[in-house]
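Trainee: In mature numbering (1 follows the signal peptide of the UniProt record, and there is no 0), the protein residues as written are -16 to -1, 1 to 743.
The structure under discussion is supplied below as structure tokens; questions concerning it will follow.
If you want it as structure tokens, here you go:
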């Protein structure tokens, strides 16, 4: 999704070829015009969450929207920003499932989970392969895993399924693809393409022809395309010169081909919507012909095993999982069905055990017993997850507001390997924000009670312990001592959670609007960010009577943070703005810098501001009058929320889960002032008592030296620096606790900054 496009829309600009853009109505206030744009944009996003990711482009085009405004950006080599990816929890919506022997591969969010179902009653999670994008399709053959999506295609060696090894990448965006032998087939950029995977580490294109849709299945030398108005058949007998040879009309959904038949699914339309299942003879792909048809038996995905077709299911609640006997392709028989609670996006069936698997959106992977194909039954659901809207850190735990998947509790004691401990699940209910302290977490809810208290004393089995108090749905929340401050739709609420099982509303007042809101607090003031209500400042000196103090007009705010007398605001105009709020009644803007997208969240640590945009933007705010964009760090999806511990930043990446980044390396890339960095060096980065900085030549006498902690704060003045001759200085650090520090040497501007580990 192009977040920059949203900012242009909100500024009232008309974009050529962009369906959402329109000329502003001079009779409508700008704030309302902006509201219409954002509400339409958000409405499209909400509609897309019910659409299979493969169908995103088609859905957008069908409804008059430009896919480029909503789809992820194509793969580009990431630039170094000083941030280093440390760990990742990539769980999100389950989209596709594939398998081989007893191994099952599930794509969920920005990862692929590998499970061993040799014993279906006791499956083992072997690994969670973390990707830099959200795959829409996966394929497994021998020791090769291929994963592709709207960002790129990657190949992995799964000779050891517990430790997949990256092989190669094709920087092409795809909705779907299929593989035969060493050939990869897909449509990207208006062309059908044939690639060689003979060397998975170096895939290359063999041939191409103009075409559309997506490649979904292959049989012999015929590749089947899913088009917007039917199915296309491409002859690939000559890989260097593929060509379309046939067409079969319909409201196409899915296809699976084998030998001379192709089983397809078509949308039958109507209310309620149903999908048909058809068997088509493709012995001559130039003249495909229908052999048979079953109504209300189609689905998003089809998997063929022996004489059975396993169909994932269609739109809920009318499109259920079903098994069709195709031993007689002219007279298929619907053998059995099973109602599953999720959106059945993908399906695979094992040939070793009587088990079928469904990739079921926020429900995770649903496991079905198909011992009796006439009576399939749901056994269990695994790996439930959804969109990561918010994240909150409390000690060694991270709490993720997982939209329709409820609250997910992560163990982040080792930031390089976040592990899910458990979750509080909900049914068809969205959750936007989370907070936690000790043995209780607090979760916002779209359905009453809008605030929920979750007992996490046993993080493997969180339980709802209470609720209520909130008058509207909290979009953001801040926990301070025993008070929980809630930025809700149209209301600002203050709730006492001293007794978390019985939260009590302390005070409330009108605030914000019906859209997203951000909240930050400093001393006795709360800053409530709304995209169209501006940034409202409330006095919370008396929690029982919060009151509006002032509104910082013109700020199309979303995310915000406050440090000392400075307010940092991310807004829908693609700028990070810094305001002086030393006197909040006379606040004024100090500086601003453009960032690559609207700022859903902002967090400031030391001299850097981290802004949640389409990726994670890093801004140097050392001089608030002249902030500078240091760079952006690629994330698997747009960032919605940011949290910190002592040395790491945690980013909730909407469809892509959570990434953990090392912030300590940021300071190693200074901008300006270091004319000859090779002239100064740190003798040893590991110290127990003193750090010695050496100069190649005689150092200047007017330099200054500062020692900063991991958060960029100056350490106590007892730390001193003394000269040890004309070419060295010695920094006493013995009195400091163990940890990571920065030594910054300057002469007006910084000359050099070093990272030191005190042990």
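Cβ coordinates follow ideal geometry from the N, Cα and C atoms, glycine included.
What you are looking at is a predicted structure, and each value in this text was computed from that prediction instead of being measured.
#1: Can you check which of these residues, 565, 399 and 417, is closest to residue 535 by C-alpha distance?
#2: Let me make sure I understand the geometry here. Which of 263, 365 and 161 has the alpha-carbon closest to that of residue 318?
#3: On the three-state DSSP scale, how would you describe residue 119?
#4: Out of curiosity, what's the CA-to-CA distance linking residue 371 and residue 347?
#5: With DSSP collapsed to three states, give me the class of residue 423.
#6: Select from 337, 258, 373 and 248 the residue whose C-alpha is nearest the C-alpha of residue 313.
#7: Please name the residue in 36, 555 and 270 whose C-alpha comes closest to that of residue 215.
#8: Taking the alpha carbon of residue 309 as the reference point, which residue from 322, 299 and 295 has its own alpha carbon closest?
#9: Is it buried or exposed, residue 672, if we count other Cβ atoms within 10 angstroms and call 16 or more buried?
#10: Under 8 Å by Cβ, that's how I've got residue 209 and residue 191 pegged, so tell me the actual separation to the nearest angstrom.
#11: If you count every other CB in all the chains shown that lies within 10 Å of the CB of residue 737, and 16 or more means buried, which is it?
#12: According to DSSP, is residue 40 part of a helix, a strand, or is it coil?
#13: In three-state terms, what does DSSP make of residue 587?
#14: Can you check the segment 483 to 544 for any beta strand (DSSP E) of at least 3 residues that lies completely inside it and give the ranges in chain order?
#15: For residue 45, which of helix, strand or coil comes out of DSSP?
#16: In the structure shown, what three-state DSSP assignment does residue 632 receive?
#17: With C-beta atoms as the reference, is residue 357 less than 7 Å away from residue 322?
#18: By Cβ distance, which residues of its chain are closer than 6 Å to residue 748, with the 5 residues on each side in sequence left out?
#19: Would you tell me roughly how many angstroms separate the C-alpha atoms of residue 403 and residue 382, rounded to the nearest one?
#20: Sort out for me which residues DSSP pairs residue 460 with in a bridge.
#21: Can you tell me whether DSSP reads residue 547 as helix, strand or coil?
#22: Since residue 343 and residue 78 are thought to touch, with beta carbons under 8 Å apart, how far apart are those beta carbons, to the nearest angstrom?
#23: Going by CA-CA distance only, name the one from 143, 134 and 307 that's closest to residue 126.
#24: Report yes or no: do the segment 598 to 616 and the segment 566 to 573 share at least 3 C-beta pairs separated by less than 8 Å?
#25: Tell me the start and end of each unbroken beta strand (DSSP E) in the segment 240 to 314 that is at least 3 residues and wholly inside, in chain order.
#26: Could you have a look at residue 32 and say whether DSSP puts it in helix, strand or coil?
#27: Which partner residues of residue 219 appear in the DSSP bridge assignment?
#28: If I'm right that residue 110 touches residue 145 with Cβ under 8 Å, what's the distance once you round it to whole angstroms?
#29: Please give me, in chain order, every unbroken run of the alpha helix (DSSP H) with length at least 4 that falls completely inside the segment 107 to 187.
#30: Verify whether the separation of the beta carbon atoms of residue 555 and residue 540 is less than 7 Å.
#31: Would you identify the three-state DSSP class for residue 73, choosing helix, strand or coil?
#32: Relative to the C-alpha of residue 267, which residue among 415, 261, 393 and 242 is closest?
#33: Thinking just about the alpha-carbon of each residue, which of 420, 632 and 436 is nearest to the one in residue 462?
#34: Can you tell me which of 674, 496, 414 and 439 puts its alpha carbon nearest to the alpha carbon of residue 537?
Mentor: Let me spell this out:
#1: Indexing the chain shown from 1 puts residue 535 at position 551. The shortest Cα separation from residue 535 among 565, 399 and 417 belongs to 565.
#2: Residue numbering aside, residue 318 sits at position 334 when the chain shown is read from its first letter. Answer by Cα proximity: 263.
#3: For the purposes of this step, residue 119 is identified with residue 135 of the chain shown, where counting begins at 1. Residue 119 falls in the strand class under three-state DSSP.
#4: Residue numbering aside, residue 371 sits at position 387 when the chain shown is read from its first letter. Residue numbering aside, residue 347 sits at position 363 when the chain shown is read from its first letter. Cα-Cα distance, rounded: 12 Å.
#5: Counting from one through the chain shown, the residue named residue 423 turns up at place 439. Coil.
#6: As a position in the chain shown, residue 313 is number 329, starting the count at 1. Among 337, 258, 373 and 248, the Cα nearest to that of residue 313 belongs to 248.
#7: For the purposes of this step, residue 215 is taken as the residue at position 231 of the chain shown. With distances taken between Cα atoms, residue 215 lies closest to 270.
#8: Your numbering for residue 309 matches position 325 in the chain shown. Checking every option, the nearest Cα to that of residue 309 belongs to 295.
#9: If you number the chain shown from 1, residue 672 lands on position 688. With fewer than 16 other Cβ atoms within 10 Å, it is exposed.
#10: Mapped onto the chain shown, residue 209 falls at position 225. Mapped onto the chain shown, residue 191 falls at position 207. With a Cβ gap of about 15 Å, residue 209 and residue 191 do not count as contacting.
#11: For the purposes of this step, residue 737 is identified with residue 753 of the chain shown, where counting begins at 1. Buried is the call here.
#12: Mapped onto the chain shown, residue 40 falls at position 56. Helix.
#13: Numbered from its first residue, the chain shown carries residue 587 at position 603. Strand.
#14: 488 to 494, 502 to 506, 509 to 514, 518 to 523 and 531 to 536
#15: For the purposes of this step, residue 45 is taken as the residue at position 61 of the chain shown. Three-state result, residue 45: helix.
#16: Here residue 632 corresponds to residue number 648 of the chain shown, with the count starting at 1. In the structure shown, residue 632 sits in a strand (DSSP, three-state: E or B).
#17: The count along the chain shown starts at 1 and reaches residue 357 at position 373. The count along the chain shown starts at 1 and reaches residue 322 at position 338. Taking 7 Å as the Cβ cut-off, residue 357 and residue 322 do not qualify as a contacting pair.
#18: For the chain, the structure presents residues -16 to 743; residue 748 sits outside this window and is missing.
#19: Reading the chain shown from its first residue, position 419 is the one you call residue 403. Reading the chain shown from its first residue, position 398 is the one you call residue 382. Taking the straight line from one Cα to the other gives about 10 Å.
#20: As a working note, residue 460 is residue 476 in the chain shown. DSSP, once it has assigned bridges, lists 471 as partnering residue 460.
#21: Taking the first residue of the chain shown as 1, we reach residue 547 at position 563. Strand at residue 547.
#22: Looking up residue 343 in the chain shown gives position 359. Looking up residue 78 in the chain shown gives position 94. At roughly 4 Å, the Cβ-Cβ gap stays under 8 Å, so residue 343 and residue 78 are in contact.
#23: Here residue 126 refers to the residue found at position 142 of the chain shown. Considering only 143, 134 and 307, the residue with the shortest C-alpha distance to residue 126 is 143.
#24: no
#25: 245 to 253, 258 to 265, 273 to 278, 286 to 289, 292 to 295 and 305 to 309
#26: Counted from its first residue, the chain shown places residue 32 at position 48. Note: residue 32 maps to helix in three-state DSSP.
#27: As a first step, residue 219 must be located in the chain shown, where it is residue number 235. Beta-bridge pairing links residue 219 to 206 and 227.
#28: Position 126 of the chain shown holds residue 110. Position 161 of the chain shown holds residue 145. Contact flag correct, Cβ pair sits at about 5 Å.
#29: none
#30: To locate residue 555, count along the chain shown from 1; it is residue 571. To locate residue 540, count along the chain shown from 1; it is residue 556. Closer than 7 Å, so yes.
#31: Here the question's residue 73 lines up with position 89 in the chain shown. Strand at residue 73.
#32: For the purposes of this step, residue 267 is taken as residue 283 along the chain shown, with counting starting at 1. Checking every option, the nearest Cα to that of residue 267 belongs to 242.
#33: Here residue 462 corresponds to residue number 478 of the chain shown, with the count starting at 1. Of the listed residues, the one whose Cα sits closest to residue 462 is 420.
#34: Along the chain shown, one-based indexing puts residue 537 at 553. Closest option to residue 537, Cα to Cα, is 496.
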